Each structure stands twice: as structure tokens, then as C-alpha cells.
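Asks: Residue numbers (the numbering used here): 1 to 377. In this text, a Cβ means the ideal position worked out from N, Cα and C, and glycines have one as well. Just so you know, these numbers come straight off a predicted model, no measurement behind them.
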């Protein structure tokens, strides 16, 4: 099977970018011919998955040349005619909908759209949901929650809407504490309890609530530091709030980390804190649990599909103040037995959430879509 993937980039700093990388890698590993088309401006940011070919397309004249649009359509059409794909994989109907659908119509092949989460802040989302989504041959999302949201927005999608869970890399596994020396880089003592949160610094990730949690933790005289990885538009605002709350010696913004450094920090943390306002899946908490780190997450979006409250983590509200979060943190700091029980309960997650499983399910679904399109044309 030949798959043409219309893509932005393979950013390891975004859950969607990492999911694209892993799924396309698995498709190639299974023997499928995958060609990726992405903007030329992202050339330097690309680490190509093994077994995949790519074409970079210039998108001159676009307000956001790091993306693709109808300006790039003639170039992509030439690539598609030469490649002769069996199916088109659209990384984001909210970005590439018109172009992907037109491409599929001209080539007489099915188009599959990937939606990682419904974003009401996305410009033009109502147009896409009202006029474009139902024109896709199939739409795939990454959780039962996300499927239900899309189904409620576009009821006519129900027969061609599926979800396939994300997975976790084998590299996300616990590292022995005596092999870790990263604390020295930040002047953190060996016996200081650590909490970690990772993600792009946007409103959706809800880092301001996390600072309120840490402020209450500090006022109660509890020991511990909070490490926040990632970057984003709210960095200055968050740093200002840290100063206003006198948390400069408690909260560290460390930017994006390599995968191995992130694994090291996760393995060395008492808990991973994730108070997101909405998640289409919950890749970051899954990775933390795979490193043997208990997690405390919000009860929003698909997070309860990954974390089961008081079974393999804590699932808490974010609209009732920080007290419940501080109580859960206190329990983890003072109860090593609780830590161990949560870690043990998370050990089976690799079987449920693996990229190999995601890749096989994706390939099987693509084959069904191609078969249906071929014999219904």
C-alpha cells in the first residue's frame, strides 16, 4: 500500500508530531510505501523516520510558510501523480482540508483525516466541521473521548469515524537513580523531592494553576521543587507569576529537553503533574508512568482513559482550587507504599498503549478504506 502523508513536521515537542512520526514509522516497518510531503521551511527541523521518502514543497506567499495551503497545491499534485498513492493521510483537516479533498478527488483515491483533539480556538474550525469533515472517506482520532466529541459535532461522521490510541516508546522506562547527575545542572540537592510537568506553555496546558498548587505547597512548608519542561508563548507571563508568588527557588523552567534527559527527570521525580484543560489523549502522563513515576492529572478530555483515579494515578478536578492536588502530592511524598502500588498498577500500560499496536491497527483500517473505495467507485 502506498501512503501519501501531507504533513507539517515531525516535532518531538508536540504530541501530534510525535504520533505522526511513530505511526508513519510503523507503516513503513510493516512494508508499506510512505511518502511525506511537508513545507520546505521545516527542512532543518526534520528527522525522517526510517524507510520513508519525503518531498519538501515551497509555499511562497503564505502568511505561515511553515504550513501548507492551496498555494502549494500544484507542487503537491505533481508529486502525487508521480507517486501514485493508494490513500492520502491528512495530518490535519483543520489545516489542509480543502487541498487534501481536492487532491483525493483528482486522483480518485480515499482521503483519511487525522484529528488529535478538537480545538475551539483553531481559526476556521466551524467551517471545517460544517462543510469538510463529512467529505473525508474516514476520520481517525486518538481516544474514545475525542471520537465522541467529533461525533457530537458532526453526527453524519459516525459511520466513518474511528479512534486508535497512541503508544509509548520503549525508551521511556525507569532509570536507576544512582545513574542520574542532571540535578547538578540546576543546583538541586540529591534529597530534594521533585515534581515534573511537561508540555507546550499554552493556556490549554494550564500551567498557571500548577503555580497556584506550588504556591500553596510552599506556604504549607513542604519541601520540593517543580521542574517545567517545554517552551511557548506564555513563558514570560508564567515567569512573572513565579516572581509574584515568590517561587523563584521552587520552580524551574528548563525548556525543551532531549528524550533521554526527559526520561532521567521523569525517573527522578516524585510525581508528574498535568493539570491540562483538555487533552485528546494524554501522551505525556503515559510516558511518565512508563518511567515508573506516579501521575496526578486533571479530569478533562481523554486523560481518564489513560489514568484511572487511585488505581494507577490521581485524576483530580481543576475547578475546585489547588487543595486536592496538594493533598495528593503530600500522600505521594510521605507514603512510599502508595508510590510503589501506583507504579506496579501502571506496568501493564505498555501492552495496551504501544506504537506497534497503533501501527497495525492503522494499516488494517487503511486497507479496509482502500478496499471499500475501490469497490464502491
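Among 4, 81, 333 and 348, which one has its Cα closest to the Cα of residue 225?
Replies: Taking the first residue of the chain shown as 1, we reach residue 225 at position 225. Of the listed residues, the one whose Cα sits closest to residue 225 is 333.
Asks: Apart from the five residues on each side of it in sequence, which residues of its chain come closer than 6 Å, Cβ to Cβ, to residue 149?
Replies: Translated into the one-based positions of the chain shown, residue 149 becomes position 149. For residue 149, where only same-chain residues beyond five positions count, the Cβ hits under 6 Å are 118.
Asks: What does the alpha-carbon distance come out to for the pair residue 61 and residue 286?
Replies: As a position in the chain shown, residue 61 is number 61, starting the count at 1. As a position in the chain shown, residue 286 is number 286, starting the count at 1. Unreliable positioning characterises residue 61 in this predicted model, as indicated by a pLDDT of 48, which lies under 50. The coordinate reading is nonetheless provided below. Roughly 40 Å separates the two Cα atoms.
Asks: In the DSSP assignment, the alpha helix (DSSP H) including residue 376 goes from what residue to what residue?
Replies: As a first step, residue 376 must be located in the chain shown, where it is residue number 376. Here the alpha helix (DSSP H) through residue 376 covers 355-376.
Asks: Name the residue from 172, 129 and 111 whose alpha carbon lies nearest to the alpha carbon of residue 354.
Replies: On the chain shown, residue 354 is found 354 positions in, with the first residue counted as 1. Ranking 172, 129 and 111 by CA distance to the CA of residue 354 puts 172 first.
Asks: Taking contact to mean at least 3 C-beta pairs separated by less than 8 Å, is the segment 249-262 in contact with the segment 161-168?
Replies: No, they do not touch.
Asks: What three-state label does DSSP hand residue 162 in the structure shown?
Replies: Position 162 of the chain shown, counted from the first residue, corresponds to residue 162. Strand at residue 162.
Asks: What's the C-alpha gap between residue 277 and residue 82?
Replies: By 1-based counting over the chain shown, the position of residue 277 is 277. By 1-based counting over the chain shown, the position of residue 82 is 82. Answer to the nearest angstrom: the Cα atoms are 44 Å apart.
Asks: Per the DSSP calculation, residue 255 is bridged to which residue(s)?
Replies: Along the chain shown, read from residue 1 onward, the residue named residue 255 stands at position 255. Per DSSP, 229 and 230.
Asks: Take every Cβ of the segment 19-39, pair it with every Cβ of the segment 344-362, and state whether three or more of those distances are shorter than 8 Å.
Replies: yes
Asks: On the three-state DSSP scale, how would you describe residue 142?
Replies: Here residue 142 refers to the residue found at position 142 of the chain shown. Residue state, collapsed to three classes: coil.
Asks: Quick one: what does DSSP say residue 188 is sitting in, helix, strand or coil?
Replies: If you number the chain shown from 1, residue 188 lands on position 188. Residue 188 carries a coil assignment under DSSP once its states are collapsed to helix, strand and coil.
Asks: Note the first and the last residue of the continuous beta strand (DSSP E) segment covering residue 113.
Replies: Numbered from 1 along the chain shown, position 113 holds the residue referred to as residue 113. Taken as a continuous stretch (DSSP letters only), the beta strand (DSSP E) holding residue 113 covers 111-114.
Asks: In three-state terms, what does DSSP make of residue 172?
Replies: Within the chain shown, numbered from 1, the residue matching residue 172 stands at position 172. Correct three-state label for residue 172: coil.
Asks: Below 8 Å on the Cβ atoms is my contact criterion, and I expect residue 93 with residue 113 to pass it. Report the Cβ-Cβ distance as a whole number of Å.
Replies: Counting from 1 along the chain shown, the entry for residue 93 is found at position 93. Counting from 1 along the chain shown, the entry for residue 113 is found at position 113. So it is a contact: roughly 4 Å between Cβ atoms.
Asks: Is the beta carbon of residue 4 sitting closer than 7 Å to the one on residue 35?
Replies: If you number the chain shown from 1, residue 4 lands on position 4. If you number the chain shown from 1, residue 35 lands on position 35. In contact: residue 4 and residue 35 (Cβ atoms closer than 7 Å).
Asks: Pick from 336, 54, 38 and 323: whose alpha carbon is nearest that of residue 215?
Replies: As a first step, residue 215 must be located in the chain shown, where it is residue number 215. The option with the nearest alpha carbon to residue 215 is 323.
Asks: Along the alpha helix (DSSP H) that carries residue 333, what are the first and last residues, could you check?
Replies: Here residue 333 refers to the residue found at position 333 of the chain shown. Counting along the chain, the alpha helix (DSSP H) containing residue 333 begins and ends at 323-334.
Asks: So, helix, strand or coil for residue 89, using DSSP?
Replies: Counting from one through the chain shown, the residue named residue 89 turns up at place 89. If DSSP states are grouped into helix, strand and coil, residue 89 belongs with the strands.
Asks: Tell me the DSSP secondary structure of residue 15 in three-state form.
Replies: Translated into positions along the chain shown, residue 15 becomes position 15. The answer is helix: DSSP assigns residue 15 an H, G or I state.
Asks: State the DSSP-derived secondary structure class of residue 48, mapped to helix, strand or coil.
Replies: Walking along the chain shown from the start, residue 48 turns up at place 48. Residue 48 sits in coil when the DSSP states are folded into three classes, being neither helix nor strand.
Asks: So residue 228 and residue 197 are in contact, right, with Cβ under 8 Å, and what is the actual spacing, rounded?
Replies: As a position in the chain shown, residue 228 is number 228, starting the count at 1. As a position in the chain shown, residue 197 is number 197, starting the count at 1. Rounded to the nearest angstrom, the Cβ distance from residue 228 to residue 197 is 5 Å, consistent with a contact under 8 Å.
Asks: With a 10 Å radius around its C-beta and 16 neighbouring C-beta atoms as the bar for buried, classify residue 7 as buried or exposed.
Replies: Within the chain shown, numbered from 1, the residue matching residue 7 stands at position 7. The residue in question, residue 7, is buried, as its Cβ has 16 or more Cβ neighbours within 10 Å.
Asks: Please say whether residue 140 and residue 280 have beta carbons closer to each other than 7 Å?
Replies: Residue numbering aside, residue 280 sits at position 280 when the chain shown is read from its first letter. Residue numbering aside, residue 140 sits at position 140 when the chain shown is read from its first letter. No, the Cβ-Cβ distance between residue 280 and residue 140 is not below 7 Å.
Asks: My understanding is that residue 378 touches residue 328, with C-beta atoms under 8 Å, so please give their C-beta distance in whole angstroms.
Replies: Absent from the model: residue 378. The displayed extent of the chain is 1 to 377, so no value can be given.
Asks: Among 146, 101, 105 and 147, which has the Cα closest to the Cα of residue 131?
Replies: Here residue 131 refers to the residue found at position 131 when the chain shown is read from its first residue. It is 101.
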